[in-house]
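There are 2 protein chains.
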Amino acid sequence: MKHYRALEFARRAGVTVRTLHHYDRVGLLRPAGRSGTGYRLYTDRDLLRLEQILVLKLIGLGLKDIRALLERDGRTELPDVLARQQRVLAIKREHLDRTLRAIGMARSALSGAGQPDWESFTTLIKEIAMQNTTSWQEQYFSEEAQARIDSRAHLWSPELQQRVGAEWSALYRDVEAALSEDPAGEKARALAVRWNALVSEFTGGDPGIQEGLNRMYADAPNWPAGRQAWAPRPEVQDFIRKALAAAAIRPGGG
Amino acid sequence: MKHYRALEFARRAGVTVRTLHHYDRVGLLRPAGRSGTGYRLYTDRDLLRLEQILVLKLIGLGLKDIRALLERDGRTELPDVLARQQRVLAIKREHLDRTLRAIGMARSALSGAGQPDWESFTTLIKEIAMQNTTSWQEQYFSEEAQARIDSRAHLWSPELQQRVGAEWSALYRDVEAALSEDPAGEKARALAVRWNALVSEFTGGDPGIQEGLNRMYADAPNWPAGRQAWAPRPEVQDFIRKALAAAAIRPGGG
DNA sequence: TCTCCGCTCTGACGCAGGGTCAGAGTCAAG
DNA sequence: CTTGACTCTGACCCTGCGTCAGAGCGGAGA
Chain C
110 MKHYRALEFA
120 RRAGVTVRTL
130 HHYDRVGLLR
140 PAGRSGTGYR
150 LYTDRDLLRL
160 EQILVLKLIG
170 LGLKDIRALL
180 ERDGRTELPD
190 VLARQQRVLA
200 IKREHLDRTL
210 RAIGMARSAL
220 SGAGQPDWES
230 FTTLIKEIAM
240 QNTTSWQEQY
250 FSEEAQARID
260 SRAHLWSPEL
270 QQRVGAEWSA
280 LYRDVEAALS
290 EDPAGEKARA
300 LAVRWNALVS
310 EFTGGDPGIQ
320 EGLNRMYADA
330 PNWPAGRQAW
340 APRPEVQDFI
350 RKALAAAAIR
360 PGGG
Chain G
110 MKHYRALEFA
120 RRAGVTVRTL
130 HHYDRVGLLR
140 PAGRSGTGYR
150 LYTDRDLLRL
160 EQILVLKLIG
170 LGLKDIRALL
180 ERDGRTELPD
190 VLARQQRVLA
200 IKREHLDRTL
210 RAIGMARSAL
220 SGAGQPDWES
230 FTTLIKEIAM
240 QNTTSWQEQY
250 FSEEAQARID
260 SRAHLWSPEL
270 QQRVGAEWSA
280 LYRDVEAALS
290 EDPAGEKARA
300 LAVRWNALVS
310 EFTGGDPGIQ
320 EGLNRMYADA
330 PNWPAGRQAW
340 APRPEVQDFI
350 RKALAAAAIR
360 PGGG
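In order, the protein sequence lines correspond to chains C and G. In case it helps, our numbering puts the first sequence at residues 110 to 363. In case it helps, our numbering puts the second sequence at residues 110 to 363.
Structure representation (structure tokens):
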């Protein structure tokens, strides 16, 4: 049986020598033997065991649990262990998802409002990250529409989210600046077209989603505190509704 | 200005007194003052700051970074910070997703194969969790089909995944046991119906996805090593194809 | 006034999973 | 024999607190 010394063995397994020391110390992986001068000597069987360890670590188990599992050669327990880890990780992912959505919304809100103020930022993040993110808006959408929104969710990469958020901010600013213009004029028409394009980015052209959006934005004054940063000013909403009507485009929320 | 002592202040913010001590020590949140006898005295301004701290911690920043950010009153840096955190968290979520998928597949594989052996388990998890999970199967599906698969991905909760995996295992066993029967017989028809139901669970009835599945399972011998545990035995595939044909159901992969 | 309970302080150790020295010994090639 | 690449052990460091331990305060009841 060929023996490997620490560095070679570590490189084979893709870990550091320090890791081997650590695993030895905690009794997770003791080398097959020692040389006369105290050098650790590993074999291929050790490599197999180390690979098992690393895989179990990969799926999020702690070293202690791994040790216990391997010591009992826990092949029969493996299914249960996997089930538990799956639940644990699923919960983690939900947290992560919420946090990511919160950051996305915060970025959009920030990119619009020149100097960000901490207060609205904290309330926004807290509201979104702590609790149910999407549930409050479910009241506005039919079940099928909500399902179609969910199925489009994976399309919203952080980059796209950011780009669209920035475009919304720019559009809001431009509309603000055009409030004194004629809602049926040429400038207003251009704004309405941009508006409609951005709305379509979210609806994907789905009329059910569009309808829900309309309901939702009509109810903007009643949104939870954390979302008020997203509510467009009534003047803006009025203007764009008129502009959309004049341009013969069905109105979209915003 | 009203003053709070440690416990009351901590309760207001939803943290422990120890946390306050810690934040004081690392210079993240020093109380507005001290009583004559050394008691920490916090004010409402401290509460605001603590809320900012907690929100920044929520999105994954370290205490050191938070301190630096708040010390410079980094309102202007906030957008950059958020962008960075978003990327960091997005990467984390990808890891998590891969790991969850890997666990799901491992559970299914395990629930079929009586005594699990470590070797196929480790190769499976490594293959899936370390690298591109879905890319190898993209070759079998058209772009639209792949897009529809992605859009159905959110439907696959861990629970559903597990249930369907278990049903597949049971079905495989039953088919194995029925290999000597007539593929056109009544028993075979029942199996074909079950098979088709499970396939539909994945395809959602989409013929494009179905077509890709057929291509994919026809190529099973060429799947990467980590997926071989998923390949049905040729006899099983043969039997079920005949049974599906006899039952006048279009064949589904598996 | 004494006592008692509940609060507060500081200091110190522990946790997971190693990273990163420091100081000393070993191995093999030139 | 030297030199450079490894190896060993022991020890401290990191994060973000939890968890004592020992000692001091503050206010209410007896």
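Cβ coordinates follow ideal geometry from the N, Cα and C atoms, glycine included.
- Sorting D182(C), R257(C) and Y151(C) by C-alpha distance to the C-alpha of G321(C) places R257(C) at the top.
- With a threshold of 7 Å between beta carbons, R202(C) makes contact with chain G.
- DSSP places Y113(C) in the strand class (E or B) of the three-state scheme.
- Here T146(G) is exposed. Its C-beta has fewer than 16 other C-beta atoms within 10 Å.
- Taking CB atoms only, W265(C) has no neighbour in chain G less than 7 Å away.
- With a threshold of 16 other beta carbon atoms within 10 Å, M110(G) falls short and is exposed.
- Rounded to whole angstroms, the separation of the alpha carbons of S278(C) and L264(C) is 20 Å.
- For the pair T232(G) and L163(G), the Cα-to-Cα distance works out to about 41 Å.
- Residues of the region 204–232 of chain C with a C-beta atom less than 8 Å from some C-beta of chain G are L205, D206, T208, L209, A211, I212, G213, A215, R216, L219, S220, Q224, P225, D226, W227, E228, F230 and T231, listed in chain order.
- G317(G) is positioned such that its CB atom lies no closer than 7 Å to that of E228(G).
- L159(G) and L138(G) do touch by the CB rule: their CB atoms are close to 6 Å apart, below 8 Å.
- When the Cα atoms are used, L198(C) and R261(C) turn out to be separated by approximately 23 Å.
- The C-alpha of E295(G) lies about 59 Å from the C-alpha of L167(G).
- The beta-carbon distance between R298(G) and A354(G), rounded to whole angstroms, is 11 Å. This is too long to meet the 8 Å contact definition.
- When C-beta distances to chain G are compared with 7 Å, the residues of the region 144–167 of chain C below that value are E160, Q161, V164 and L167, in chain order.
- If you draw a 10 Å sphere on the C-beta of I175(C), you find 16 or more other C-beta atoms in it, and that means buried.
- Apart from sequence neighbours up to five positions away, the residues of its chain that approach S144(G) with a beta-carbon distance below 7 Å are L150, ordered along the chain.
- By the CB criterion at 7 Å, I358(C) and N305(C) fall inside the cutoff.
- Just measuring C-alpha positions, the residue of L116(G), V273(G), T128(G) and R184(G) sitting nearest E310(G) is V273(G).
- Listed by position along chain G, the residues whose Cβ is nearer than 7 Å to that of R193(C) form an empty set, because the closest Cβ is around 10 Å away.
- Cβ atoms of R202(C) and L209(G) come within 8 Å of each other, at about 7 Å.
- Scanning chain C for C-beta atoms nearer than 8 Å to the C-beta of G169(G) yields T208, reported in chain order.
- The alpha-carbon of G123(G) is positioned some 28 Å away from that of T185(G).
- Runs of alpha helix (DSSP H) with 4 or more residues, each lying fully within the region 269–316 of chain G, are found at 295–312, listed in chain order.
- With a threshold of 7 Å between beta carbons, S309(G) makes no contact with chain C.
- The shortest C-alpha to C-alpha distance from D182(C) to any of Q194(C), G169(C), L165(C) and R134(C) is the one to L165(C).
- Proximity of chain C to S289(G) at the Cβ level (cut-off 8 Å) is not reached, the minimal Cβ distance being about 30 Å.
- Between Q194(C) and G169(C), the CB-CB gap stays under 7 Å.
- Here DSSP, grouped into helix, strand and coil, assigns G321(C) to helix.
- For P188(G), the chain C residues whose C-beta falls within less than 7 Å of its own C-beta are R216, L219 and S220, listed in chain order.
- The criterion of a C-beta distance shorter than 7 Å is satisfied by A301(G) and A352(G).
- Contact between H204(G) and T152(G) does not hold, since their C-beta atoms are separated by about 42 Å, which reaches or exceeds 8 Å.
- Using a CB distance cut-off of 7 Å, I318(G) does not count as an interface residue toward chain C.
- Residues of chain G with a Cβ closer than 9 Å to the Cβ of L137(C) do not exist, since the nearest Cβ in that chain sits about 15 Å away.
- No Cβ of chain G is located within less than 7 Å of the beta carbon of S251(C).
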